[in-house]
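Going by the working numbering, the first residue of the sequence shown is number 84, and it counts up by one from there.
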Amino acid sequence: MADQTTQMELGEDYPEIREAVRRICDDFPGEYWREMDAASAYPEAFVKALTESGWLSALIPEVYGGSGLPLRAAAVILETIHASGGSAAACHAQMYTMGTVLRHGSEEQKQACLPQIASGELRLQAFGVTEPASGTDTTSLRTRAVRQGDHYVVNGQKVWTSRALYSDLMLLLARTTSREEVSRPTEGLSVFLIDLRELHGNGVEIRPIETMINHNTTEVFFTDARIPANTLIGEEGRGFRYILDGMNAERTLIAGESLGDARYFLRRATDYACEREIFGGPIGRNQGIQFPLARAHAEAEAAELMARKAAALFDAGRSCGAEANMAKLLCGDAAWHAAEACMQTFGGFAFAREYDIERKWREARLYLTAPVSTNLVLAFIGQHVMGLPKSY
Ligand SMILES: Cc1cc2nc3c(=O)[nH]c(=O)nc-3n(C[C@H](O)[C@H](O)[C@H](O)COP(=O)(O)OP(=O)(O)OC[C@H]3O[C@@H](n4cnc5c(N)ncnc54)[C@H](O)[C@@H]3O)c2cc1C
Numbered sequence: 084m085a086d087q088t089t090q091m092e093l094g095e096d097y098p099e100i101r102e103a104v105r106r107i108c109d110d111f112p113g114e115y116w117r118e119m120d121a122a123s124a125y126p127e128a129f130v131k132a133l134t135e136s137g138w139l140s141a142l143i144p145e146v147y148g149g150s151g152l153p154l155r156a157a158a159v160i161l162e163t164i165h166a167s168g169g170s171a172a173a174c175h176a177q178m179y180t181m182g183t184v185l186r187h188g189s190e191e192q193k194q195a196c197l198p199q200i201a202s203g204e205l206r207l208q209a210f211g212v213t214e215p216a217s218g219t220d221t222t223s224l225r226t227r228a229v230r231q232g233d234h235y236v237v238n239g240q241k242v243w244t245s246r247a248l249y250s251d252l253m254l255l256l257a258r259t260t261s262r263e264e265v266s267r268p269t270e271g272l273s274v275f276l277i278d279l280r281e282l283h284g285n286g287v288e289i290r291p292i293e294t295m296i297n298h299n300t301t302e303v304f305f306t307d308a309r310i311p312a313n314t315l316i317g318e319e320g321r322g323f324r325y326i327l328d329g330m331n332a333e334r335t336l337i338a339g340e341s342l343g344d345a346r347y348f349l350r351r352a353t354d355y356a357c358e359r360e361i362f363g364g365p366i367g368r369n370q371g372i373q374f375p376l377a378r379a380h381a382e383a384e385a386a387e388l389m390a391r392k393a394a395a396l397f398d399a400g401r402s403c404g405a406e407a408n409m410a411k412l413l414c415g416d417a418a419w420h421a422a423e424a425c426m427q428t429f430g431g432f433a434f435a436r437e438y439d440i441e442r443k444w445r446e447a448r449l450y451l452t453a454p455v456s457t458n459l460v461l462a463f464i465g466q467h468v469m470g471l472p473k474s475y
């Protein structure tokens, strides 16, 4: 049963990808990210460099103009960006949001957008799921799309729609049948691939939200926005399932970013702990400094194994919900523990912006909350993996 075998490489995987991505990142040092952060600016030059080198089209099959790489390779790309001190958050969704179209769109829809997404001519990196009133409880979302002839009319509001001002297209989850009319709350939700270029200022208003990290996130308001019926992906009413489908890939990729963050903090902290001499010796000889770093290193190594397992299962076409969630949890925790240990190692200098530690610390914290919060991952493991009672 060859298809039942899942191979997992040990040692450094995709060294040539790591090296190529590292070379790009060398042109975008801490100073660049600090400037972007201070100005809450979109890192356009970095995104352009990554797009032109083809890395953002890693997951698009070759037949649609991408490089058709496995999920593990894409996770390595993101890990390398984060390990270098940068952040892929401005463009990571360009890699994977298209997955919903790829898996559930019609051939016509795929032909119409995937080659242009692969080349970077079109950006699809906005994903409108979360709403102010429903939050984590996705099936309670209130944005409605009502069919009128060859269009749907959309009314409602999304929140935390990241990169909407830097995206041509947006994947939208809206209710097409009211909750009262469906037997299960997961039914009656539909996914649309909408063109923000046509809608912005024409039924759609996008307002930036100021946040503690530079994330270019927004609120999106829909007021009688008319979207063509052919923007519906797959079957009407089955959108929740399509969205869930993409989440395992997203979680495995975000785990890669957290792993990169952990590597960054541990490298910076180790170097500093060896150089900084206080009380006549390097601070790293003190167990209060050394042990939290050693523990975070062990956690990152273990978390990486789970991330590789999740990717290996995904790439083999096998179910990987448990592993993708656990990878996201463990890599996020490893990054956060490394971030805290690094903050402590740098002492007061951790607070000085020019050291980049406080910026990365703020950025690493996001992944305990989004794209899915730690509690919800634990609820998934408790309920779906271990069979414990459901809390919601
Ligand atoms: C910077 C940023 C970018 C984001 N980008 C996007 C995006 O591009 N697209 C998008 O759709 N969303 C995005 N999000 C939204 C993100 O996914 C949500 O913030 C997150 O899922 C939590 O939703 P909420 O903030 O409404 O929290 P709530 O749902 O209000 O939850 C608050 C807290 O209560 C906990 N909680 C709730 N219910 C339970 C339960 N049953 N058991 C245990 N704990 C529970 C949650 O885990 C959380 O810790 C982004 C968020 C941020 C901060």
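Just so you know, even glycine gets a beta-carbon here, dropped at the ideal spot from N, CA and C.
Nothing here was measured: the structure is a model prediction, and the numbers come from that model.
- Residue side-chain check: residue 210 places its Cβ nearer than 7 Å to a non-hydrogen atom of ligand 1.
- Linking residue 414 to residue 383 through their CA atoms gives a straight-line distance of about 6 Å.
- Per DSSP, residue 350 has no beta bridge partner at all.
- For residue 235, the enclosing beta strand (DSSP E) starts and ends at 234 to 245.
- For residue 444, the CB contacts under 7 Å within the same chain, skipping 5 residues up- and downstream, are 422, 426 in chain order.
- The beta carbon of residue 459 sits closer than 8 Å to the beta carbons of 219 from its chain, once the five residues preceding and following it are set aside; these are given in chain order.
- With a threshold of 7 Å, the Cβ atom of residue 218 counts as near ligand 1, since some heavy atom of the ligand is closer than that.
- DSSP places residue 273 outside any alpha helix (DSSP H); the residue lies instead in the beta strand (DSSP E), whose first and last residues are 272 to 278.
- The way I'd put it, the region 306 to 315 doesn't touch the region 331 to 350; fewer than three beta-carbon pairs between them come closer than 8 Å.
- It is roughly 7 Å from the alpha-carbon of residue 196 to the alpha-carbon of residue 205.
- Between residue 336 and residue 91, the C-beta spacing is not below 8 Å.
- Spanning the alpha carbons of residue 191 and residue 240 requires a straight line of approximately 29 Å.
- For residue 283, DSSP records a beta bridge to 287.
- Leaving aside the five residues that flank residue 344 on each side, the residues in its chain whose CB is nearer than 6 Å to its CB run, in chain order, 165, 418, 447.
- Using a cutoff of 7 Å, the CB of residue 244 counts as near ligand 1, since one of the ligand's heavy atoms is closer than that.
- Contact check for residue 203 against residue 108 fails: the beta carbons are separated by 8 Å or more.
- For residue 158, the number of other beta carbons within 10 angstroms of its own is at least 16, and it is reported as buried.
- By the neighbour-count definition (other C-beta atoms within 10 Å, threshold 16), residue 403 is a buried residue.
- Burial check for residue 297: the Cβ neighbour count within 10 Å reaches 16 or more, so the residue is buried.
- Here the alpha carbon of residue 286 sits roughly 8 Å from the alpha carbon of residue 304.
- In this structure, residue 210 and residue 176 form a Cβ contact; the two beta carbons are roughly 6 Å apart against a cut-off of 8 Å.
- Secondary-structure assignment with DSSP links residue 361 through a beta bridge to 364.
- When only Cα atoms are considered, residue 201 and residue 471 end up about 42 Å apart.
- DSSP places residue 418 in no beta strand (DSSP E) but in the uninterrupted alpha helix (DSSP H) bounded by 404 to 428.
- Of the heavy atoms belonging to ligand 1, at least one sits nearer than 7 Å to the Cβ of residue 458.
- Between the alpha carbons of residue 224 and residue 412 lies a distance of about 25 Å.
- Residue 113: member of the alpha helix (DSSP H) spanning 113 to 122, first to last residue.
- According to the DSSP assignment, residue 159 belongs to the alpha helix (DSSP H) that extends over 154 to 166.
- Residue 113 and residue 213 have their alpha carbons spaced roughly 31 Å apart.
- Not a single heavy atom of ligand 1 lies less than 7 Å from the C-beta of residue 472.
- The beta carbon of residue 279 is closer than 8 Å to those of 209, 247, 250, 251, 252, 253, 287, 289 in its chain, skipping five residues each way along the sequence.
- In terms of side-chain proximity, the C-beta atom of residue 455 is found nearer than 7 Å to a non-hydrogen atom of ligand 1.
- Two segments are said to touch when three or more pairs of C-beta atoms, one from each, lie closer than 8 Å; by this definition the region 318 to 329 touches the region 269 to 277.
- Put simply, the backbone Cα of residue 410 is about 20 Å away from that of residue 101.
- Judged by DSSP in its simplified three-state form, residue 316 adopts strand.
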